[in-house]
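S.K.:
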Amino acid sequence: MDYSTYPRNDVLCIDMRSFYASVEAVKLGLDPMKDQLAVVGDTNRTGSIVLAASPELKKKHGVSNVSRFFELPDDPGIHIVNAHMADYLAVSLEITKLINQYVPKEAIHQYSVDEVWVTVNGLQKLFGDRWQVAKLIKQDILKNMGITCSIGIGDNKFLAKVVMDLHAKKAGIAECKYEDVKEKLWPFPVQDIWGIGRRMQNNLNRMGIVNLGQLANFSLEHLKKRFGIMGEQLYRHAWGVDLSPVLGNFTKLEQKGFGHGISLLRDYSKEEVAACILDLSEEACRRARTANKAGRTIHLGISYSKVTGGGFNRSRSITFPTNITMEVYGICMQLFAKFHDGFSDIRHVYVTLDNLYENAETQLDLFDDKPKKKDIGYVMDSIRDKYGSTAILRATSYTEAGITIGRSKKIGGHNA
């Protein structure tokens, strides 16, 4: 591979070690790296998932982020705390502000609440080479936040991310240039490489491709024929090539649709799920109205309980775009009545409004006062904006099957 034609940048991929657990440990005056701590989604539910485990808890008991609360070992040295998502978002924002002291905003690409790419081109005269910048940022985060981070350094985002996953989590800081790919990346199994999931792993394994080196030396034409453009990307990644931008506005600018979904805390009967669908329709339409958009296509996604399994995902397009809650809800209930099997309980519901248009004048209807219905939605939105998301609710939201009140106390599905 001739790398001379590909751009070289100074990119850092910074990952906060066991971020949620580290934040909680600092709050309690504990050592995030030495004390045992588990962050649980909801300690009132024995089946609640462990969202984060401190490195010591992982090392001593093998607890992972897919463990359940009831699976935690009976060890008095383990600190168990509820998740506080607002705190994690606040700390993440402060870390981003700290990084912003080194580079401009357009050089920061927030990948998740605990992981970020930073392009540090041209900082030699101010802070030194990219290794020095990485060390300074790592020291600053530890000093100011009490949180240990791992940093991957690469010539592009892919190399920075992969070397962070494979090497920096043990070494603290690790680097991978184009010339290092064969030595540092090729020996690893394909499933260890960022961007290759279980399904792709199985496909590659069936082709005799087990590690990244075998992928890099496989026929590009064969990969393109088998996987299309994804095959070409896999091949280029195997050689460490990534052409994604390292500077710019990484915020999503165009909204394709407005959706809201929920994994229910218990199985809902077909009679109860109507209240849930109404609350989700309300939220999807509220977001559309806020963006001054309306949609022509309504999607309803339903997953049945674990006992029966299965479900359906269906949509219907209407003649005129809408952001009126009861119209969207009505379509969803029609879809539910048509495609529900008649007996299965429900565990997951999703409502989406897409195929968006600008919110133009409402099409008049002699038999339906649509302008009034639309005005009611905007009035309810303004009340919620001023007094809070639960200031005014539909009556069904107060029933046991309603979900809005419970969701208002959470961020990302977990306790705020």
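Using UniProt numbering, you'd call the opening residue of the sequence shown number 1 and step up by one each time.
We put the beta carbon where it would ideally sit given N, CA and C, even for glycine.
The model shown is predicted, which means the values in this text are computed figures rather than measured ones.
1) Let me know the alpha helix (DSSP H) ranges lying completely inside the region 18-92, each 4 residues or longer, listed in chain order.
2) Taking only runs of the alpha helix (DSSP H) that begin and end inside the region 104-130, which ones reach a length of at least 4 residues, in chain order?
3) Tell me the start and end of each unbroken beta strand (DSSP E) in the region 298-360 that is at least 3 residues and wholly inside, in chain order.
4) Taking the beta carbon of M230 as the centre, do at least 16 other beta carbons fall within 10 Å, making it buried, or is it exposed?
5) On the CB-based measure, 16 or more other CB atoms within 10 Å of its CB, does D10 come out buried or exposed?
6) Tell me which same chain residues have a C-beta within less than 8 Å of the C-beta of A160, skipping the five on either side of it?
7) Closest Cβ-Cβ distance between G310 and chain C: below 8 Å?
8) Determine the direct distance from the alpha carbon of G342 to that of P7, and round the result to whole angstroms.
9) Pick helix, strand or coil for G248, following the three-state DSSP scheme.
10) Determine which residues share a DSSP beta bridge with S150 and list them.
11) Who are G259's beta bridge partners in DSSP?
12) Starting from A288, trace the alpha helix (DSSP H) both ways and give me its first and last residue.
13) Would you report the Cα separation of A83 and S54, rounded to the nearest angstrom?
14) Smallest Cα separation from K338: which of I346, T322, F312, V349?
15) How is the alpha helix (DSSP H) around I229 delimited, first residue to last?
16) Use the C-beta contact count for residue 504: other C-beta atoms within 10 angstroms, 16 or more gives buried, fewer gives exposed.
17) In terms of DSSP beta bridges, what is A294 paired with?
18) Which residue marks the beginning of the alpha helix (DSSP H) containing E175, and which one marks its end?
19) When we look at the beta-carbon of R198 and count the other beta-carbons within 10 Å, is it buried (16 or more) or exposed?
20) Three-state secondary structure (DSSP) at R206?
21) Given a threshold of 16 other Cβ atoms within 10 Å of its Cβ, counted over all protein chains shown, does N217 qualify as buried or as exposed?
22) According to DSSP, is N144 helix, strand or coil?
23) I want to know whether the region 45-53 touches the region 16-29 - three or more CB-CB distances under 8 Å.
24) Rounded to the nearest angstrom, what separates H299 and I78 at their Cα positions?
M.R.: Working from what's here:
1) Listed in chain order, the complete alpha helix (DSSP H) runs (minimum 4 residues) inside the region 18-92 are 19-27, 55-61.
2) Qualifying alpha helix (DSSP H) stretches, in chain order: 124-127.
3) Complete beta strand (DSSP E) runs here, min 3: 311-322, 346-358.
4) Burial check for M230: the Cβ neighbour count within 10 Å stays below 16, so the residue is exposed.
5) Flag for D10 reads buried.
6) The residues are V11, L12, C13, W117, G152, I153, G154, C176.
7) Any reference to chain C falls outside this structure, which holds one protein chain only.
8) C-alpha of P7 to C-alpha of G342: approximately 58 Å in a straight line.
9) Here G248 sits in coil by DSSP.
10) Looking at the DSSP output, S150 shares a beta bridge with D15.
11) Under DSSP, G259 forms a beta bridge with T352.
12) That run of the alpha helix (DSSP H) goes 273-290.
13) Spanning the alpha carbons of A83 and S54 requires a straight line of approximately 14 Å.
14) When each option's Cα is compared against that of K338, the closest is F312.
15) First-last of the alpha helix (DSSP H) with I229: 229-238.
16) With the chain covering 1 to 416 only, the question about residue 504 has no answer from this structure.
17) Under DSSP, A294 forms a beta bridge with Y357.
18) From DSSP, E175 is part of no alpha helix (DSSP H) but of the beta strand (DSSP E) over 173-176.
19) Exposed, by the Cβ-count rule.
20) Three-state result, R206: helix.
21) Looking at its Cβ environment, which holds fewer than 16 other Cβ atoms inside 10 Å, N217 is exposed.
22) Correct three-state label for N144: helix.
23) With a cut-off of 8 Å, the region 16-29 and the region 45-53 count as touching, because enough Cβ pairs lie within range.
24) In this model, H299 and I78 are separated by some 44 Å (Cα to Cα).
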